[in-house]
Every structure is written in C-alpha cells, then in structure tokens.
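**Q**
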Amino acid sequence: MSIKNAFSRLGITGRKIQRGEVYLVADDLIILPKTRLPSKPDREPHESRPVLILQTNLDNDDPVYATILVAPLSRRVDLQDQRDFKLSAGQAGLEHDSIVQLGLTQPVLKIDLQGEALGRVDDITMNDIDAVLAANLGLIERPQPR
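Just so it is clear: in the sequence shown, position 23 is 22 by numbering that gives the first Met the number 0, and no numbers are missing.
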C-alpha cells in the first residue's frame, strides 16, 4: 500500500481547503434535527448538501488533522432564524438563496468533502458570518439583522 493510500484511509489528505469555501458533503453525514415546521415533521434527504468551511486555515492545512469544522447550508430560507446567515444565489458558487445554519456547526472528515470547492464567501461576508457565530457562542451580543 502506498503512503498516499494509507494516509487517505486514515482521513489524511493533502488537499488545500480554505476557510470560507463551500463544498458538497454526502447528506447522510450531516446531522440535522427534524425540521422546525410542525406541519412537515421530516426533512427531505438529498444526495449531497453544501457546507461552509468555518475552521481556521492553520488546521485546514495540517495534513494530520483529519476533521474540519463546517456549517450545513439549506435552501429553506423560510426557516431562517437568528442563528443562521443568508447567502444569495451567486455567492460562493451557490445556485439558490441559502441559509448557513451556524447553529448546526459540526465536524466532518476532510476526505468527505466532495470534489473541488463550489466557491468561496468573500471576506466581508465571512466577517458577518463570524459575528453571528460569535453571538451563537455567547462571545458577543447578537448583531441586528441588516
């Protein structure tokens, strides 16, 4: 077995992953609670789901650090609440308006990121996302919606 294959089996990749990029991950690897709508008790599973990379590039670049911190995205913008951040179609390579579900931040294995990044959130938007994330953690007061 080659070193590359051995590393891959351990979840170690040499791929360059950047904070603020959006990737697809198999939907069944993402933990999502039941929908917030009482009239629709179960969510609809998809083949894959976009996720936003939240983790610092220092950890992303570490080839031995196998996991990465992400926030799942959803097209269900009607379910947006104060823990979420809305991205418009066209941002970060997204085809539809979506919400970044920052209240559902979770780790995934780097090897589970599918293909290349769909796109990247610009720095100003990432700063706004960071503010919502910090408020979710109780580090700052919740920013007022724009």
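Glycine is no exception: its CB is placed at the ideal position from the N, C-alpha and C atoms. These numbers were taken from a predicted model, which means no experiment stands behind them.
From the DSSP output, read off the bridge partner residues of P52.
**A** Working through the sequence shown from its first residue, we reach residue 52 at position 53. Going by the sequence as given, residue 52 is Ile instead of Pro. Paired residues: V69.
**Q** When burial is assigned at 16 or more other CB atoms within 10 Å of the CB, is R18 buried or exposed?
**A** In the sequence shown, the residue the question calls residue 18 occupies position 19. That one is buried.
**Q** Alpha carbon to alpha carbon, how far is V120 from S97? Give it in angstroms, no decimals.
**A** Numbered from its first residue, the sequence shown carries residue 97 at position 98. Numbered from its first residue, the sequence shown carries residue 120 at position 121. Going from the Cα of S97 to the Cα of V120 covers about 13 angstroms.
**Q** Just to confirm my understanding: we take Q79, look at its own chain, exclude 5 residues before and 5 after, and list those with CB closer than 8 angstroms. What are they?
**A** Numbered from 1 along the sequence shown, position 80 holds the residue referred to as residue 79. Contacts found: K85, I98.
**Q** Between R18 and the ligand SAM, is there a pair consisting of the residue's CB and a ligand heavy atom that are separated by less than 7 angstroms?
**A** No copy of the ligand SAM occurs in the structure displayed, which carries no ligand at all.
**Q** I'd like the list of long-range same chain contacts for D127, defined as Cβ closer than 6 angstroms, with 5 residues on each side in sequence excluded.
**A** As a first step, residue 127 is located in the sequence shown; it is residue number 128 there, counting from the start. Closer than 6 angstroms at Cβ, skipping near neighbours: no residue.
**Q** Kindly indicate which three-state DSSP category D61 falls into: helix, strand or coil?
**A** Mapped onto the sequence shown, residue 61 falls at position 62. Residue state, collapsed to three classes: coil.
**Q** Tell me which residues share the same chain as D122 and place their Cβ nearer than 8 angstroms to its Cβ, disregarding the 5 neighbours each side in the sequence.
**A** Your numbering for residue 122 matches position 123 in the sequence shown. G19, listed in sequence order.
**Q** DSSP three-state call for Q17: helix, strand or coil?
**A** Position 18 of the sequence shown holds residue 17. If DSSP states are grouped into helix, strand and coil, Q17 belongs with coil.
**Q** What would DSSP say about L103, mapped onto helix, strand or coil?
**A** Locating residue 103 in the sequence shown gives position 104, where the first residue counts as 1. Looking at L103 - three-state DSSP - the assignment turns out to be helix.
**Q** Return the CA-CA distance between R75 and Q100, expressed in angstroms with no decimal places.
**A** Looking up residue 75 in the sequence shown gives position 76. Looking up residue 100 in the sequence shown gives position 101. Straight-line Cα distance between these residues: approximately 10 angstroms.
**Q** May I have the straight-line CA-CA distance separating H45 from L117, to the nearest angstrom?
**A** The residue labelled residue 45 in the question sits at position 46 within the sequence shown. The residue labelled residue 117 in the question sits at position 118 within the sequence shown. Whole-angstrom Cα-Cα distance: 17 angstroms.
**Q** Exposed or buried, what is S73 when buried is set at 16 or more other beta-carbons lying within 10 Å of its beta-carbon?
**A** Along the sequence shown, one-based indexing puts residue 73 at 74. Answer is buried; the Cβ neighbour count reaches 16.
**Q** Applying the criterion that 16 or more other CB atoms from any shown protein chain within 10 Å of the CB defines a buried residue, is L136 buried or exposed?
**A** For the purposes of this step, residue 136 is identified with residue 137 of the sequence shown, where counting begins at 1. Exposed.
**Q** Which residue marks the beginning of the alpha helix (DSSP H) containing L31, and which one marks its end?
**A** Taking the sequence shown and counting its residues from 1, one reaches residue 31 at position 32. L31 -> no alpha helix (DSSP H), and no H or E assigned at all.
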